[in-house]
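Participant:
Residue numbers (my numbering): 1 to 248.
(1) Spatial neighbours of residue 142 within its chain, please: C-beta separation below 8 Å, excluding the five flanking residues on both sides.
(2) Between the alpha carbons of residue 78 and residue 177, how many angstroms are there, rounded?
(3) Here's a check: name, in chain order, each residue in its chain whose Cβ is nearer than 6 Å to the Cβ of residue 255, leaving out the five neighbours to either side.
(4) Nearest to residue 106 by CA position, among 12, 65, 27, is which residue?
(5) Per DSSP, what kind of secondary structure is residue 198 in: helix, strand or coil?
(6) Taking only the alpha-carbon atoms, compute the straight-line gap between residue 147 and residue 65 and give it to the nearest angstrom.
(7) Determine the burial state of residue 82: buried for a count of at least 16 other Cβ atoms within 10 Å of its Cβ, exposed for fewer.
(8) For residue 121 versus residue 37, is the C-beta spacing smaller than 8 Å?
(9) From which residue to which residue does the alpha helix (DSSP H) around residue 61 run?
(10) What residue range does the alpha helix (DSSP H) around residue 155 cover?
(11) Can you grab the Cα-Cα spacing for the pair residue 40 / residue 16, in whole Å?
(12) Nearest to residue 2 by CA position, among 20, 19, 125, 43, is which residue?
(13) Look at the Cβ atom of residue 152, then the Cβ atom of residue 203, and state whether they are nearer than 8 Å.
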């Protein structure tokens, strides 16, 4: 894996974490994992998914104790609003997501994904910590577009589609395979508009020659138009076939 595009402090934290035995079963996903595969932008955070219904609390506590002995200082940094939301729902946030700041600068997150992302990730509890595959990362980027509006997600998806062989039909396929096509409609609406959240961090500062938001918006709209036409033709063909069978 290419770590040259990681921010230096992020790369240092990754090197301390990557072969830690107490993180078996975890999968590095998100922009940093994608950067390791394709080197498309600078990456800053480390997001570790544990593809199960909740985090392995004892395992994580063992990791935190051992990490301190290697010079890796992790300070819990939970969002108070997220903590309150979890309490209101009768849950404890730390069972599902734990946010840390490593060595004062690097955000490190451990989380148990939603069922859809769990289904897209291969899960082997006894396997060493690994970096998600490119197909898994593509699926995760497609899925997250139905949940939030972030320019970094759009840029990652745009790069995968324009330079790495993926297409909007593949985005549709992710949702179809998981049986959640209504969420494809939500993702499509977000991609067509490309209106980021007010707290969006931006993506332009992470590379030297970024595409404009308008360029990505136009690309997504054209790609979605083609998918919708293809789906309509397929549906019409199936309907015509059933009509012919009925007439017989």
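We put the CB at the ideal spot given by N, CA and C, even for glycine.
Facilitator: From the atom records:
(1) Cβ within range, chain order: 157, 170, 171, 174, 175, 187.
(2) Their backbone Cα atoms lie some 33 Å apart in a straight line.
(3) With the chain covering only 1 through 248, there is no way to say anything about residue 255.
(4) Checked all of 12, 65, 27; the closest Cα to residue 106 is 12.
(5) When secondary structure is reduced to three states using DSSP, residue 198 falls in the coil class, being assigned neither helix nor strand.
(6) Distance between the alpha carbons of residue 147 and residue 65 is about 34 Å.
(7) By the neighbour-count definition (other C-beta atoms within 10 Å, threshold 16), residue 82 is an exposed residue.
(8) The criterion of a C-beta distance shorter than 8 Å is not satisfied by residue 121 and residue 37.
(9) Boundaries of the alpha helix (DSSP H) harbouring residue 61: 57-68, taken from the DSSP string.
(10) Taken as a continuous stretch (DSSP letters only), the alpha helix (DSSP H) holding residue 155 covers 151-163.
(11) Cα to Cα, the separation comes out at about 23 Å.
(12) Among 20, 19, 125, 43, the Cα nearest to that of residue 2 is on 43.
(13) Judged by their CB atoms, residue 152 and residue 203 are nearer to each other than the 8 Å cut-off.
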